[in-house]
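Enquirer: Order-wise, the sequence lines are chains A and B. When we follow my numbering, the leftmost residue of the first sequence carries the number 84, and every step to the right adds one. When we follow my numbering, the leftmost residue of the second sequence carries the number 82, and every step to the right adds one.
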Amino acid sequence: MTENQLNPDLWVDQYADYLFNFAVSRVSDAEIAKDLVQETFLAGLKSAKNYKGTAAERTWLIAILKRKVIDHYRKINSNKGKAEVRINYSDQSDSTGDWLEEQVADPFSTLENDAIENDELGLAIQECISKLPKKQSEVFVMKTIRGLSTDDICNELGINPSNLWVMVHRARTNLMGCLNENWFKL
Amino acid sequence: MISCEKASIICNKKQYKEATLLDQIKLGFHLLYCKTCVSFSKKNTKLTMLCDKANLHSLSVKEKETLKERIDQNI
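1. Counting pairs of beta carbons, one from the segment 196 to 207 of chain A and one from the segment 224 to 242 of chain A, are three or more of them closer than 8 angstroms?
2. Between which residues of its own chain and Val120 of chain A is the CB-CB distance below 8 angstroms, once the five residues before and five after are set aside?
3. Going along the segment 128 to 140 of chain B in order, which residues come within less than 9 angstroms of chain A, judged by CB to CB distance?
4. If we ignore side chains and look at the alpha-carbon of each, how far apart do Thr256 of chain A and Glu146 of chain B end up?
5. Taking 7 angstroms as the threshold (beta carbon to beta carbon), is Lys98 of chain B in contact with chain A?
6. Under a three-way DSSP split, which group does Ser84 of chain B fall into?
7. Taking the CB atoms as reference points, tell me whether Ala135 of chain B and Asn201 of chain A lie closer together than 7 angstroms.
8. Going along chain A in order, which residues have a C-beta closer than 8 angstroms to the C-beta of Leu148 of chain B?
9. Suppose you measure from the CA of Val152 of chain A to the CA of Ser139 of chain B; what does that come to, to the nearest Å?
10. Would you mind sorting Ser108 of chain A into buried or exposed? The rule is 16 or more other CB atoms within 10 Å of its CB.
11. Chain B beta carbons: is any one of them nearer than 7 angstroms to that of Thr85 of chain A?
12. Comparing alpha-carbon positions, which option in A:Trp248, A:Leu258 and A:Asp234 lies nearest Ile90 of chain B?
13. Taking all protein chains shown into account, decide if Leu102 of chain B is buried (16 or more other Cβ within 10 angstroms of its Cβ) or exposed.
14. Which word fits Ser192 of chain A, buried or exposed, when buried means at least 16 other C-beta atoms lie within 10 angstroms of its C-beta?
15. Can you list the residues of chain B that His155 of chain A reaches, using a CB-CB cut of under 7 angstroms?
16. At least one CB of chain A closer than 7 angstroms to the CB of Lys145 of chain B: is that the case?
17. For Gly205 of chain A, decide whether its Cβ has a neighbour in chain B, counting only Cβ atoms nearer than 7 angstroms.
18. At a Cβ cut of 9 angstroms, what residues of the segment 252 to 267 of chain A count as close to chain B, listed as they run along the chain?
19. Could you name the residues of chain A that Ser89 of chain B contacts, counting a contact when the two beta carbons are closer than 7 angstroms?
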């Protein structure tokens, strides 16, 4: 018997946000990312019998999503002419110059690292959120990520504001501990 | 004088810019003498900063429902 098993019923609740963040950071378009996540789930169902159980469910789904992202870029690039690489001195103007020396990436710049680091940070936070109890993560996501107002959340979940703040407090304390472990100690 | 419990709630509200001015003054006063809450407040602010920086995204409940339906159809 293998250790890991697939539970497609729980996929959306457990991994949708994680996969969505992963996809958004790679295609920079929420709509496309949403489609990719859906395709990933469907492809996962189709090849569920090939799942050997050696990798965790999420790792397996991420692997599929990675292929889907690559496929997406292949598709948009296969339109005629787009695959062609054009090299101009500058995209903004027609000016000319020693482009090789002037246009290479600055080796001392750390701006690019920031973007990569923020993507990873996003996944780390998402992972910590998925470890929270369901109620806490629900409230935290609505409040922090979707930025809903306190009243709206209370109405939707049928709780009172002081309940909500207790939930937010627990979620935040848990997240601080989790991020301390997973992010700052790495 | 407010309790640490109360201070933490105000601190959380502050992260979402929902603390009233009076609350914030109360909290500021509490932070003058309570080291534990100072440390909590610092960590809490840092968490907010990290969440902002990470530019998190999430699917709404409705979008998740449609996803679930699609999966159910294909099981």
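The beta-carbon is built from N, C-alpha and C at its ideal position, and this holds for glycine as well.
Expert: In short:
1. Too few Cβ pairs lie closer than 8 angstroms, so no.
2. Closer than 8 angstroms at Cβ, skipping near neighbours: Ala99, Leu102, Phe103, Ala106 and Leu148.
3. Those would be Leu128, Thr129, Leu131, Cys132, Lys134, Ala135, Asn136, Leu137, His138, Ser139 and Leu140, in chain order.
4. The alpha-carbon atoms of Thr256 of chain A and Glu146 of chain B are separated by roughly 29 angstroms.
5. No Cβ of chain A is located within less than 7 angstroms of the beta carbon of Lys98 of chain B.
6. Residue state, collapsed to three classes: coil.
7. Annotated as proximal: Ala135 of chain B and Asn201 of chain A, with beta-carbon spacing under 7 angstroms.
8. Chain A residues near Leu148 of chain B: Val95, Ala99, Val120, Gln121 and Phe124.
9. When rounded, the distance between both Cα atoms is 18 angstroms.
10. That one is buried.
11. Residue confidence for Thr85 of chain A is low, a pLDDT of 48 falling below 50, so the modelled location carries little weight and cannot support an answer.
12. Closest option to Ile90 of chain B, Cα to Cα, is A:Trp248.
13. Per the 10 Å Cβ criterion, exposed.
14. Exposed, by the Cβ-count rule.
15. Correct list: empty, because the minimum Cβ distance to chain B is about 17 angstroms.
16. Yes, Lys145 of chain B lies at the interface with chain A (some Cβ there is under 7 angstroms from its Cβ).
17. Between Gly205 of chain A and chain B, the shortest Cβ-Cβ separation is below 7 angstroms.
18. Hits within the stretch, in order: His252, Arg255, Thr256, Leu258, Met259, Leu262, Asn263 and Trp266.
19. Here the neighbours are His252.
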